[in-house]
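Residue numbers (this note's numbering): 8 to 321. First the structure, in the form of structure tokens, and then the observations on it.
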């Protein structure tokens with residue numbers, strides 16, 4: 008049976024917890040949620056940050072009614088069954104419809120959630136924004152909000168990790184965290200605008216799609232010493248601009264992002280097999296520095312590569 012919380016149940020727990028906690032403290036979840044903590048930081052009026060680290064034994068349902076909604080950014084790292092995934096959800100202001108959020112159990116969820124009131128965002132963009140997609144983030148309270156989701160880019164992942172491991176306290180902590188919040192907002196908007204621009208591009212010719220798939224095959228075969236963008240474009244017979252734009256249209260990510268994802272997945276497979284050490288696995292996928300590899304592995308899978316390898320051998 009799933010654990011079911013109404014919106015009022017969740018709000019009451021949050022109100023009680025924040026009333027008794029010092030700002031920035033980690034607050035334990037109700038016992039019904041098993042293990043987990045939440046850290047709430049009011050950066051300033053109109054901007055709230057919440058960091059959660061939750062192990063969910065049972066399926067969870069949270070029932071929401073119609074409600075006015077601020078802008079919201081959510082980044083999640085989910086670990087389940089030895090595998091890890093990441094996603095973001097981006098909501099504008101407006102009307103959030105009645106719905107039931109369902110989260111499967113038997114997983115660890117580490118998340119960064121930010122609420123920004125619409126008046127703060129309006130001050131930020133001013134009155135001169137000509138991008139329709141940006142203005143779509145601000146909708147009236149009787150109109151359903153804008154929403155989108157996707158896989159965080161490498162830059163987004165770095166900003167999220169900076170929030171999770173903020174080294175400061177007090178005023179400097181709030182300044183630092185708010186700067187990272189706006190960095191994430193900028194990256195999300197740029198991603199949104201990039202996708203919009205690419206959607207307006209003419210469809211790729213079948214021959215170009217075939218060449219781009221060939222380029223992806225070359226990258227997967229040359230993880231250790233990948234070609235430069237220009238060399239890759241030459242190898243498949245198209246110019247580098249068409250390769251960059253077309254690669255994102257076909258695979259939904261950049262050439263570098265595609266290469267990085269396959270490097271990390273291959274390194275995970277090598278560590279899981281137990282045949283290579285961490286240093287050897289790093290070198291096998293093109294990392295010259297064990298430290299850089301370990302940091303990239305943690306960002307991707309939420310655990311140090313050495314720990315992951317030992318867990319797989321256990």
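Where a beta carbon is used, it is the ideal one built from N, C-alpha and C, also for glycine. Small disclaimer: the values here were computed from a predicted structure and weren't measured.
- Less than 9 Å divides the Cβ of residue 184 from the Cβ of residue 170.
- For residue 220, the secondary structure class from DSSP, reduced to helix, strand or coil, is helix.
- Per the Cβ contact rule, the stretch 182-201 is not in contact with the stretch 104-112 (fewer than 3 Cβ pairs under 8 Å).
- In this structure, the alpha-carbon of residue 83 lies about 18 Å from that of residue 199.
- With at least 16 other beta carbons inside 10 angstroms of its own, residue 125 counts as buried.
- Rounded to the nearest angstrom, the gap between the Cα atoms of residue 305 and residue 311 is 5 Å.
- Residues 231 of the same chain have their beta carbon placed closer than 8 Å to that of residue 290, with the five preceding and five following residues left out of the count.
- In this structure residue 80 is in contact with residue 195, their Cβ atoms being roughly 7 Å apart against a cut-off of 8 Å.
- In the DSSP assignment, residue 277 falls within the unbroken alpha helix (DSSP H) covering 262-280.
- Remark: C-beta atoms of residue 93 and residue 164 approach each other more closely than 9 Å.
- In terms of Cα proximity to residue 178, the closest of 248, 319, 50 is 50.
- The continuous alpha helix (DSSP H) containing residue 248 extends over residues 247-258.
- Shown here, residue 211 sits in coil according to DSSP, grouped into three states, outside any helix or strand.
- Within the stretch 133-181, the runs of beta strand (DSSP E) that reach at least 3 residues and sit entirely inside it are, in chain order, 154-157.
- With a cut-off of 8 Å on Cβ pairs, the stretch 150-160 is in contact with the stretch 93-105, counting three or more such pairs.
- Residues of the same chain with a CB within less than 7 Å of the CB of residue 221, apart from the 5 flanking positions on each side, are 243 in chain order.
- Counting only runs that start and end inside the stretch 31-118, the beta strand (DSSP E) elements of at least 3 residues fall at 33-35, 42-51, 54-63, 67-71, 74-76, 78-87, 90-98, 101-103, 106-110.
- In this structure, the CA atom of residue 257 is about 20 Å from the CA atom of residue 229.
- By alpha-carbon distance to residue 261, the top candidate from 317, 59, 201 is 201.
- Following the DSSP letters along the chain, one finds residue 231 in no alpha helix (DSSP H), marked with neither H nor E.
- Between residue 67 and residue 118, the CB-CB gap reaches or exceeds 9 Å.
- In the three-state scheme derived from DSSP, where H, G and I count as helix and E and B as strand, residue 283 is classed as coil.
- For residue 296, the three-state secondary structure derived from DSSP is coil.
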